[in-house]
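A.B. asks: Take a look at this one; I'll ask things after.
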Amino acid sequence: MFPSAGSGHRLVADPPEPLVTDDFFLAPLQPELLDLDTEAYLASPDVIRDHSYGRWPQEGFGNDDNLPLVIRHWSDHQARRAFTYLLLDPEGTSSLGCLYLQPLFPYLEAMGADARTLLRYAGGATARVSYWLRQDREPGLTESVSERLDEWLRTQWPLDAYLYRVAPAEECTVHALDRLPLDRVDIDLPAERYNYLWWAADVRMVS
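Just so you know, we're using our numbering here: the sequence shown kicks off at 3 and counts up by one.
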């Protein structure tokens, strides 16, 4: 809901078709989905607190507050700067959470990453990935979502690399990502106020 693209450049020119599974499907976050997005957000106070390190407002938050954010996400999506998706239930009547794909390099640069890290992720389509799932989700949904999202990112997206960024308090997400074929990596970011955990996928060069 709140992350900014952080760059005027496109992350990728042609994103794949949104993921569809038996348990959920992805839909780009746009104004038509405002009600579903706000409802899931307000239904998940503990999840949102952990995911955002307590930075995202909740008390008194409503559609009027959310609409400008949704419009910004949709604008970024259309311009290919960054991509935000709702995870919808199979009937499309409820949001199960939110997925964000944003350019990684501008963030690393702004947070003071060292030259070696910047060189590794410069000059290609590299994404910073994060997501949250609503508080009243079904047991086991976190693992299912994590597996399907990662398969989609790894096989369908024209990315050179992607890294998941997770707050330590997001214990279910941490456990789910530890089960996947990913590498936990340490990234020194002197200007980052928060202590995030990182998982990196194998670099897959665009053919």
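Every residue gets a Cβ at the ideal spot worked out from N, C-alpha and C, and that includes glycine.
1) Rounded to whole angstroms, what's the CA-CA distance from R195 to R57? Just pull it up for me.
2) Using three-state DSSP, classify W58 as helix, strand or coil.
3) Just curious, the alpha helix (DSSP H) that S97 is in, first and last residue?
4) Kindly indicate the opening and closing residues of the beta strand (DSSP E) around D185.
5) Using 10 angstroms around the beta-carbon of N68, count the other beta-carbons present and answer buried if the total reaches 16, otherwise exposed.
6) For the beta strand (DSSP E) that contains A30, what are its first and last residues?
7) Once DSSP output is grouped into helix, strand and coil, what is the label at S176?
8) Does DSSP classify W159 as helix, strand or coil?
9) Flag this pair as yes or no: are the beta carbons of R167 and Y198 separated by less than 7 Å?
10) Helix or strand or just coil, what does DSSP make of A202?
11) Could you name each continuous alpha helix (DSSP H) segment of 4 residues or more that falls completely within the region 48-93, going from the start of the chain to the end?
12) Quick check on E19: buried or exposed, where buried means 16 or more other Cβ atoms within 10 Å of its Cβ?
13) Using the C-alpha atoms, what's the distance from E41 back to R136?
14) Could you check whether T119 and A163 sit closer than 7 Å to each other, using their CB atoms as the reference points?
C.D. replies: In short:
1) Between R195 and R57, the C-alpha separation is close to 12 Å.
2) It is coil, neither helix nor strand.
3) For S97, no alpha helix (DSSP H) run applies; the uninterrupted beta strand (DSSP E) run containing it begins and ends at 97-105, by DSSP.
4) Residues 185-187.
5) A residue is called buried once 16 or more other Cβ atoms fall within 10 Å of its Cβ, and N68 is buried on that count.
6) Residue identity differs from the one stated: residue 30 is Pro in this sequence, not Ala. In the DSSP annotation of this structure, the continuous segment of the beta strand (DSSP E) that includes P30 starts and ends at 27-30.
7) The sequence as given places Val at residue 176; Ser does not occur at that position. In the structure shown, V176 sits in a helix (DSSP, three-state: H, G or I).
8) In this structure, W159 counts as coil in the three-state DSSP scheme.
9) Yes, the pair counts as a contact, with Cβ atoms nearer than the cut-off.
10) Of the three classes helix, strand and coil, the one that applies to A202 here is strand, per DSSP.
11) You should have 65-80.
12) Burial call: exposed.
13) Just so you know, the alpha carbons of R136 and E41 end up roughly 10 Å apart.
14) Going by C-beta atoms, A163 is not nearer than 7 Å to T119.
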